[in-house]
Amino acid sequence: MDRAAAVASVGEIDPAGWLDEFDDMFARVLAPVFVRRELRLRAQAYLLGLVSGLERKNGWTLAEYAGDATPDGMQRLLNAARWDEDDVRDRLTGYVSAELGDPGAVLIADETGFLKSGKQSAGVQRQYTGTAGKITNCQVGVFLAYAVPAKGTRVLVDRELYIPKSWTEDRDRCEEAGIGQDTEFETKPQLAKKMIERAMKAGLPFSWFTADEAYGDNGQLREWLEEKKIAYVVAVACDHRVPAGAGKKIRADALAAKVPSLGWHRMSCGQGSKGERLYEWAIAGAGAEGHHLLVRRSLSSGELAFYRCWSPRCPTLSALVRAAGARWAVEECFQAAKNETALDHYQARKRIAWYRHVTLSMCAHAWLAVTAAVSRTAAGPPSPSAAGRGPGKKGTRRLWTTSRPGTARR
């Protein structure tokens, strides 16, 4: 099948043709992890179900889509089957690097919540999650996203389940949920550091790291990034104290108040759902070589946001703004992965099942991202009628709904 002809427009994509592309990706990237043929076929069926147009993708619906009479096989895949979910994660990173890798890319750390009603799922407790916008009963996953702003591509490449202290201090509870006895409490910035280390070891190319205040306000993470020569633009709170020279420190909002009127520049930090995200930006010195305080001001309300920045190079204001703007990409990843590849549709309590489902969901999301990127390249610039259309749920579902010939996966 000629790829360029198939992607002439979103509405003309032939779903059957993309099944060949999917099979090729699975054979090259993931199949070696699943040594036994039976297990390999079931993993392939699971992934196909995740990229299908099923409205709800749980054990029952995925089993039915694969032609199984019960969800037992799918549950074994997540809980008891012998395969290495971390090997899949590493292969996913290699796949993204090969297909989407770009030296100008940005790594983004962020977290998302998985709402739960019970108390047995690994790591669940009452805690704040932006998913609900409040403190509620949930699991929290910390993720690493990979974004190439110049190409408009974004994908999740790593994940860690946050295990609160209330769990690590209760070893019996940990054992019941499949959390190893040697598991120690790690903060979310510490989990982010582990994932960045893995991305570096894998050779994933990038220029910047960015994250929200939960990570930007963490001095140990910033110091480690500087030691590793990783340039960063991370959000910080208004009362975050930055160096002001002579050993003194000043609040971020107080330093921003010193910016003269001519120090503000109107710039876009990237495309949003309603067009360019325009703000006014200014740089204030932070008292140390390579350090800056980047300040963002809303055009409508005048509300300020603050970013600690460091780079071993001498970045321009536009480079800092682009890195700061890339942080929104991880939210778009969460939305797409939850809507389209069932990131939050799992029914699993054990720690291993969470990692396995989430990792397979990330693989499915990465395949969609790579295929969409190839489609855009082959199709050329969008038509005027399609230029303002975003990758919303309906559009993506229309693109990826397929009906694979029913073959029972035993």
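Sequential numbering of the sequence shown, starting at 1420, is according to this note's numbering.
By construction, the Cβ of each residue, glycine as well, lies at the ideal position given by its N, Cα and C atoms.
Other residues of its chain near residue i: CB distance less than 7 Å, five sequence neighbours each side excluded
i       : result
ASN1637 : PRO1608
GLN1766 : ASN1477 and GLY1478
LYS1648 : PRO1731
GLU1483 : none
GLU1751 : ARG1573
CYS1688 : ARG1696, TYR1698, VAL1740, ARG1741, ALA1743 and GLY1744
GLU1440 : THR1790
ARG1475 : HIS1764
LEU1736 : HIS1684, TRP1700 and ILE1702
LEU1681 : none
LYS1668 : ARG1660, VAL1661 and PRO1662
Paired residues, beta bridge with residue i - DSSP
i       : result
GLU1695 : GLN1690
PHE1453 : DSSP, once it has assigned bridges, lists no residue as partnering PHE1453.
THR1531 : GLY1560
GLY1704 : HIS1711
ARG1727 : VAL1653 and LEU1712
VAL1789 : Answer is none; VAL1789 lacks a bridge partner.
GLN1544 : CYS1557
ARG1375 : Here the chain comprises residues numbered 1420 to 1829, so residue 1375 is not present and cannot be evaluated.
DSSP three-state assignment for residue i, whether helix, strand or coil
i       : result
ARG1746 : coil
LEU1610 : helix
ASP1505 : helix
GLY1520 : coil
GLN1766 : coil
LEU1718 : coil
ARG1573 : strand
ARG1732 : coil
GLU1595 : helix
VAL1525 : strand
LEU1473 : coil
PHE1445 : helix
GLU1759 : helix
ASP1491 : helix
ASP1601 : coil
LEU1588 : Looking at the sequence provided, one finds Glu at residue 1588 rather than Leu. Correct three-state label for GLU1588: coil.
GLN1463 : helix
GLY1513 : helix
GLY1478 : helix
PRO1801 : Annotation note: pLDDT 45 at PRO1801 (below 50); position unreliable, no value reported.
GLY1468 : helix
ALA1499 : coil
TRP1819 : Any reading at TRP1819 is ruled out, since the residue's pLDDT is 35, under 50, leaving its predicted position unreliable.
GLN1754 : helix
SER1536 : coil
Contacting residues, own chain, Cβ-Cβ under 6 Å from residue i (five flanking each side not counted)
i       : result
GLU1699 : TRP1683, ARG1685 and ARG1716
PHE1604 : LYS1584 and THR1587
PRO1490 : GLY1478, TRP1479 and ALA1482
VAL1777 : ARG1578
TRP1437 : none
MET1619 : none
TYR1514 : VAL1448
Cβ distance (whole Å) where residue i is taken to contact residue j below 8 Å
i       : j       : result
LEU1902 : GLU1759 : Given that the chain is displayed from residue 1420 to residue 1829, the structure contains no residue 1902 and the question cannot be resolved.
TYR1565 : LEU1526 : 6 Å
VAL1561 : ALA1524 : Their Cβ separation, rounded to whole angstroms, is 19 Å, which puts VAL1561 and ALA1524 out of contact at 8 Å.
SER1611 : SER1626 : The residue you asked about is not Ser; residue 1611 is Ala in the sequence shown. With 8 Å as the limit, ALA1611 and SER1626 do not qualify as a contact, their Cβ atoms being about 17 Å apart.
LEU1723 : VAL1652 : Their Cβ separation, rounded to whole angstroms, is 16 Å, which puts LEU1723 and VAL1652 out of contact at 8 Å.
ALA1671 : VAL1661 : 6 Å
ALA1596 : ARG1770 : 6 Å
VAL1576 : LEU1623 : 7 Å
ARG1641 : ARG1727 : 7 Å
CYS1733 : VAL1507 : Not a contact, Cβ separation roughly 40 Å.
ALA1621 : ASP1505 : Actually they are not in contact, since the Cβ atoms of ALA1621 and ASP1505 sit about 12 Å apart, beyond 8 Å.
ALA1528 : ALA1630 : 4 Å
ALA1792 : LYS1570 : 7 Å
LEU1563 : MET1493 : Rounded, the Cβ-Cβ distance is 27 Å, inconsistent with contact.
LEU1779 : LEU1473 : Rounded, the Cβ-Cβ distance is 15 Å, inconsistent with contact.
ALA1756 : HIS1710 : So it is not a contact: roughly 34 Å between Cβ atoms.
GLY1635 : ALA1654 : 5 Å
Contacting residues, own chain, Cβ-Cβ under 8 Å from residue i (five flanking each side not counted)
i       : result
GLN1558 : GLY1532, PHE1533, LYS1535, SER1540, ALA1541, GLY1542, VAL1543, LEU1580, TYR1581 and TRP1773
GLN1600 : ARG1590, CYS1593 and GLU1594
ALA1675 : ALA1701, ALA1703, LEU1712, VAL1714, LEU1723 and PHE1725
LEU1458 : LEU1496, ALA1500, ARG1501 and TRP1502
PRO1522 : PRO1624, PHE1625 and SER1626
CB contact below 9 Å: residue i versus chain D
i       : result
MET1444 : This model lacks chain D altogether, as it is built from one protein chain only.
(request) Any chance you could list the beta strand (DSSP E) runs of at least 3 consecutive residues sitting entirely within the region 1546 to 1571, in chain order? (result) 1553 to 1567
(message) At 4 residues or longer, what runs of the alpha helix (DSSP H) sit wholly inside the region 1620 to 1692?
(response) DSSP runs (the alpha helix (DSSP H)) wholly in the region 1620 to 1692: 1632 to 1635, 1638 to 1646 and 1671 to 1675.
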